Amino acid sequence: MTDKLSFALVSPERELFHGDVDHVVVPGTEGEFGVLPNHAPVISLIRPGALRVFNEGAERRIFVNGGFADVTPAGLTILAEDAVDLADVDAAKLEQDIKDANEDVRDAKEDARRAAAEARLVRLEAIKAALIARH
Amino acid sequence: MASLKDLRVRIASVKSTQKITKAMQMVAAAKLKRSQEAAEAARPYAERIGGVIANLAAAVQGEGAPLLLRGTGKEDVHLLVVATSERGLCGGFNTQIVRLARERIAALQAAGKTVKILTIGKKGRDQLRRQFASMMIEHVDLSAHRVMTAAPAQGVGARIRALYEAGEFDVATFLYSKFKSVIAQVPEAQQLIPATAPAGAARPDLGGAVYEYEPDETDILDALLPRYIDSQILRGLLENVAGFYAAQMTAMDNATRNAGDLIKKLTLQYNRQRQANITKELIEIISGAEAL
Chain A
0 MTDKLSFALV SPERELFHGD VDHVVVPGTE GEFGVLPNHA PVISLIRPGA LRVFNEGAER
60 RIFVNGGFAD VTPAGLTILA EDAVDLADVD AAKLEQDIKD ANEDVRDAKE DARRAAAEAR
120 LVRLEAIKAA LIARH
Chain B
0 MASLKDLRVR IASVKSTQKI TKAMQMVAAA KLKRSQEAAE AARPYAERIG GVIANLAAAV
60 QGEGAPLLLR GTGKEDVHLL VVATSERGLC GGFNTQIVRL ARERIAALQA AGKTVKILTI
120 GKKGRDQLRR QFASMMIEHV DLSAHRVMTA APAQGVGARI RALYEAGEFD VATFLYSKFK
180 SVIAQVPEAQ QLIPATAPAG AARPDLGGAV YEYEPDETDI LDALLPRYID SQILRGLLEN
240 VAGFYAAQMT AMDNATRNAG DLIKKLTLQY NRQRQANITK ELIEIISGAE AL
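As given, the protein sequences belong to chains A and B, one line each in that order. Under numbering that gives the first Met the number 0, the first sequence has 71 at position 72, and the numbering climbs by one with no breaks. Under numbering that gives the first Met the number 0, the second sequence has 138 at position 139, and the numbering climbs by one with no breaks.
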């Protein structure tokens, strides 16, 4: 019984974060839920949104583009396709990226390329929404 | 007998070949290290998702289970996903995988099944095309991806699932080369669809509590199974890349050593020839002087 939550954020390619934290708020598909140490076991899908990690009074926001959360007595594991630390996101650059992606969608000649550009746009919009929610 | 000049040219040519194989060996060694690290880094995700699937698969059984898990109820049409490398100069690496594929095809055909082949990587396609051109339905080209990431694996996974949903096959098996060690890569077959929970996956100890599912089990399984299949493909592809570089490193090491032996042999021959020429000239001079 510890009063810290063991938290791991894992993407298909590598482990992005691993460590003990106080509290994590997860954007589940059925609504946000907080995970404290000794939470009951849950498996939940995640919608694209910000993961809020609280540790030692500091809050870190990490954008996850979907995935799922697995809570066990051993701790919380988030399996995410794609994760970005919102502290690293530059709002101006994001705007520019969204504009570029919009243009790509418009200019794409093949369906495959358009679908890729659209997916990129949806992702960037979701990051923007998560970024605005902070303020 | 080759002239001195011929020998000199040959030695120079073997030497430059040796330089190339030596460089390739060093490049392969460096890339092997990186791809091994990539394969290692991808392991936590695969393990966790495998554990969750094992858990869920036990909870969701029978009619309610997603198609990817319970299968079509038949096993008449088999899809073999054969992953090989894009490039050669790697010894028997690709041949091993192709041999396993051939054996599988022969066994399945003997059992009266229909076989379809999807190839990943140019080398496997070229080797299989000679014999099984009519069965090959698709090819995935990964040469554009210099480093293996999740994106191409997801592309392959999406392709396979689309074929499955279109009723193109009943069972999908993934053939790749398992990276056992730098000197041993063992070709392996793994069933992708219907998805099987990994044997020996660590189920988390819940301490008597029961999992809650949000939304319900079936929805989660629906969302997770494609990711699980993608992660299996990614793992296979990463092992393939690591195995490829290991095989290339070994092959190039052998080639370098071989070139060294050849150079030694040719140099010896060259020196003998040179001395023979000197001796011959001396004899000519001496016998000429004696005749006077």
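Idealized CB from N, CA, C, for every residue including glycine. These numbers come from a predicted model, not from an experiment.
**Request:** Answer with buried or exposed for arginine 145 of chain B, where buried requires no fewer than 16 other C-beta atoms within 10 angstroms of its C-beta.
**Result:** exposed
**Message:** Distance cutoff 9 Å, beta carbons only. Does asparagine 257 of chain B sit that close to anything in chain A?
**Reply:** no
**Prompt:** Interface residues of chain B around proline 26 of chain A at Cβ under 8 Å?
**Reply:** The premise fails here: proline 26 of chain A is roughly 12 Å from chain B at the closest Cβ pair, so nothing lies under 8 Å.
**Prompt:** Given serine 43 of chain A, which residues of its chain have a CB within under 6 Å of its CB, disregarding the five upstream and five downstream residues?
**Reply:** Cβ within range, chain order: Gly27 and Ala68.
**Message:** Taking a contact to mean a Cβ-Cβ separation below 9 Å, would you say arginine 9 of chain B touches alanine 22 of chain B in this structure?
**Reply:** no
**Request:** Below 9 Å between beta carbons is the criterion; list the residues of the segment 39-52 of chain A that meet it against any residue of chain B, in chain order.
**Result:** Taking 9 Å as the cut-off between beta carbons, the residues of the segment 39-52 of chain A near chain B are Ala39, Pro40, Val41, Ile42, Ser43 and Leu44, in sequence order.
**Prompt:** Ordered along the chain, which non-local residues of its own chain (more than five positions away) have a Cβ less than 6 Å from that of histidine 138 of chain B?
**Reply:** Contacts found: Thr118 and Arg124.
**Prompt:** Cα separation between alanine 194 of chain B and leucine 66 of chain B?
**Reply:** Cα-Cα distance, rounded: 9 Å.
**Prompt:** Using a Cβ-Cβ distance under 9 Å, would serine 5 of chain A count as near chain B?
**Reply:** no
**Asked** So what does DSSP say about leucine 191 of chain B, is it helix, strand or coil?
**Response** strand
**Message:** List, in chain order, every chain A residue whose beta-carbon is nearer than 8 Å to that of alanine 149 of chain B.
**Reply:** Ser10, Pro11, Glu12 and Glu80
**Prompt:** histidine 22 of chain A bridges to which residues according to DSSP?
**Reply:** A:Phe53
**Request:** Could you please tell me which residues of the segment 39-51 of chain B, in chain order, have their CB closer than 7 Å to any CB of chain A?
**Result:** Ala40, Ala41, Pro43, Tyr44, Arg47, Ile48 and Val51
**Request:** Confirm, please, whether the CB-CB distance from threonine 148 of chain B to valine 80 of chain B is below 9 Å.
**Result:** no
**Asked** How is the alpha helix (DSSP H) around phenylalanine 243 of chain B delimited, first residue to last?
**Response** Segment 216-290, the alpha helix (DSSP H) holding phenylalanine 243 of chain B.
**Asked** Nearest-angstrom Cα distance between proline 36 of chain A and alanine 114 of chain A?
**Response** 41 Å
**Message:** Using DSSP's beta-bridge definition, name the partner residues of glutamine 184 of chain B.
**Reply:** B:Phe178
**Message:** Please classify glycine 372 of chain B as buried or exposed, where buried requires at least 16 other C-beta atoms within 10 Å of its C-beta.
**Reply:** Because chain B spans 0 through 291 in this model, residue 372 of chain B falls outside it and cannot be assessed.
**Asked** Considering only C-alpha positions, which residue in the set B:Leu267, B:Ile192, B:Ile232 and B:Ala222 is nearest to serine 176 of chain B?
**Response** B:Ile232
**Prompt:** Is glycine 123 of chain B helix, strand or coil by DSSP?
**Reply:** helix
**Item:** Cβ-Cβ distance between valine 20 of chain A and phenylalanine 6 of chain A below 9 Å
**Value:** yes
**Asked** To the nearest angstrom, how far is it from the Cα of glutamine 17 of chain B to the Cα of alanine 275 of chain B?
**Response** 28 Å
**Prompt:** Under a Cβ-count criterion, where at least 16 other Cβ atoms within 10 Å of its own Cβ denotes burial, should threonine 249 of chain B be classed as buried or exposed?
**Reply:** Buried: at least 16 other Cβ atoms inside 10 Å.
**Prompt:** So is aspartate 2 of chain A in contact with chain B if we call contact Cβ pairs under 9 Å?
**Reply:** no
**Message:** Along the chain, where does the beta strand (DSSP E) containing methionine 134 of chain B start, and where does it finish?
**Reply:** Premise fails: methionine 134 of chain B is in no beta strand (DSSP E) and is neither H nor E.
**Asked** How many angstroms separate the CA atom of glutamine 153 of chain B from the CA atom of arginine 234 of chain B?
**Response** 11 Å
**Item:** Contact with chain A by tyrosine 269 of chain B, beta-carbon distance below 9 Å
**Value:** No, tyrosine 269 of chain B does not count as interfacial toward chain A.
**Asked** aspartate 69 of chain A touches chain B at which residues, Cβ-Cβ below 7 Å?
**Response** Arg47 and Val51
**Request:** Compute the Euclidean distance between the alpha carbons of arginine 158 of chain B and alanine 107 of chain A, then round it to the nearest angstrom.
**Result:** 21 Å
**Message:** Give me the chain B residues within the contact set of glutamate 29 of chain A, using Cβ-Cβ distance strictly less than 8 Å, ordered along the chain.
**Reply:** Result: Glu213 and Pro214.
**Item:** When A:Ala129, A:Glu12 and A:His38 are compared against leucine 75 of chain A, the one with the closest alpha-carbon
**Value:** A:His38
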